[in-house]
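Colleague:
Numbering (the working numbering), first residue to last: 296 to 583.
Shown next, in the form of C-alpha cells:
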C-alpha cells in the first residue's frame, strides 16, 4: 500500500474528546472488535483514554470469521488476563451473556458501594469500537428497539447517547472512532478488508493484490471456487484475474476494456458478506 491511510472525520475527533471527559462516569468499557481482525480493530487510543477502567472485549462478526482462529484469539486474550467473548450479533442469547459477564466483572465494585451505604444504582457501560464492528446492532438488540441508526457503512453512528438496557444496566454509546493514521501497513490492510474504512480513500488495486495473495496462501482455492478461475502468480496474473472475474460475474466492459472498478467492488463485497467463506485476516502468532 503505497500511501498512508488517514481517516479521522470531525465527528470522530469530537467523540474522542467527549469520551475523555465522560470516562469517569463509566463503570466498565465494552470494546467491540471484529473477530476477523481482533487486534487490528482494537483501537490503541482506547487504552490511553480508558485508563484502568474494567474492560470486556466483545469480538463480533463471529459468523464471518474462521472459528479455529477465533478460538486462538480468545486464548490469546485470556493469557493476557483480558476478559473476552466472541458473539454472533444475530443470536440474541449471546447479547445477554455479554451483560451477565459485565455484571460479574463489576460485582465486587457494586458490593463495596453497598457496604459504604451508597444508594443502589444501575451499572453504566461505555460501548467503544471502530466503525463497522456492529456497535449499533449490538446496542439496538440490547435496548430492544431502534436506539441508533444502523447500516453497513463505516461512520454511520455520529451521536453519543445513554441507553437503558434494564433497571441494573445502562449503555453509553459513542460513534466509531479510528486513530488518525495507520503506521503499520498490515493494520491498514486488515481494517480495510473488514470494511471499517470508506473504500473511496483506499488504493483498492493494491488491496486487491494483497487479498488475493493472502487468500491463496492461507485459504487455498477460495478465489478459484468462488469465480471458477485459476490463479498463477506470473507477470500478468493481476490483469488476468480481473478479466477472469469479470467474465465469471458477467461484468460488462467499459469502452472495450474490463471494468476494474466493478470487478474490485464485486470482489470486496464477496469478502465482506461472507460469500468467499469464513476468513480471519490475522492470527495471534503474527504478534510474536
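No residue lacks a Cβ here, since even glycine has one placed at the ideal position from N, Cα and C.
Only a predicted model underlies this, so the values are computations on that prediction, with no experimental measurement involved.
Return the chain-ordered ranges of every alpha helix (DSSP H) run that is complete within the region 508 to 573 and spans a minimum of 4 residues.
Modeller: Those alpha helix (DSSP H) runs which fall completely within the region 508 to 573 and span 4+ residues are 517 to 522, 532 to 543, 555 to 567.
Colleague: Mind checking which residues open and close the alpha helix (DSSP H) that includes residue 480?
Modeller: Counting along the chain, the alpha helix (DSSP H) containing residue 480 begins and ends at 480 to 488.
Colleague: Leaving out five residues before and five after residue 482 in sequence, what residues of the same chain have Cβ atoms less than 7 Å from its Cβ?
Modeller: Excluding residues within five positions, the ones whose Cβ falls inside 7 Å are 335.
Colleague: Check whether the region 324 to 331 and the region 346 to 362 are in contact - that is, three or more C-beta pairs closer than 8 Å.
Modeller: Enough Cβ pairs lie closer than 8 Å, so yes.
Colleague: Between which residues of its own chain and residue 499 is the CB-CB distance below 6 Å, once the five residues before and five after are set aside?
Modeller: Answer for residue 499: 559, listed in chain order.
Colleague: In the structure shown, what three-state DSSP assignment does residue 579 receive?
Modeller: Here residue 579 sits in helix by DSSP.
Colleague: Look at the alpha carbon of residue 438 and the alpha carbon of residue 457, and state the distance between them as a whole number of angstroms.
Modeller: The alpha-carbon atoms of residue 438 and residue 457 are separated by roughly 11 Å.
Colleague: For residue 342, does the three-state DSSP call read helix, strand or coil?
Modeller: Three-state DSSP puts residue 342 in a helix.
Colleague: Go to residue 464, then tell me how far its beta strand (DSSP E) extends in each direction, as first and last residue.
Modeller: Where residue 464 is concerned, the enclosing beta strand (DSSP E) stretches over 464 to 468.
Colleague: Can you tell me the Cα-Cα spacing of residue 518 and residue 545, whole angstroms?
Modeller: About 16 Å.
Colleague: Does DSSP put residue 331 in a helix, a strand or coil?
Modeller: Here residue 331 sits in coil by DSSP.
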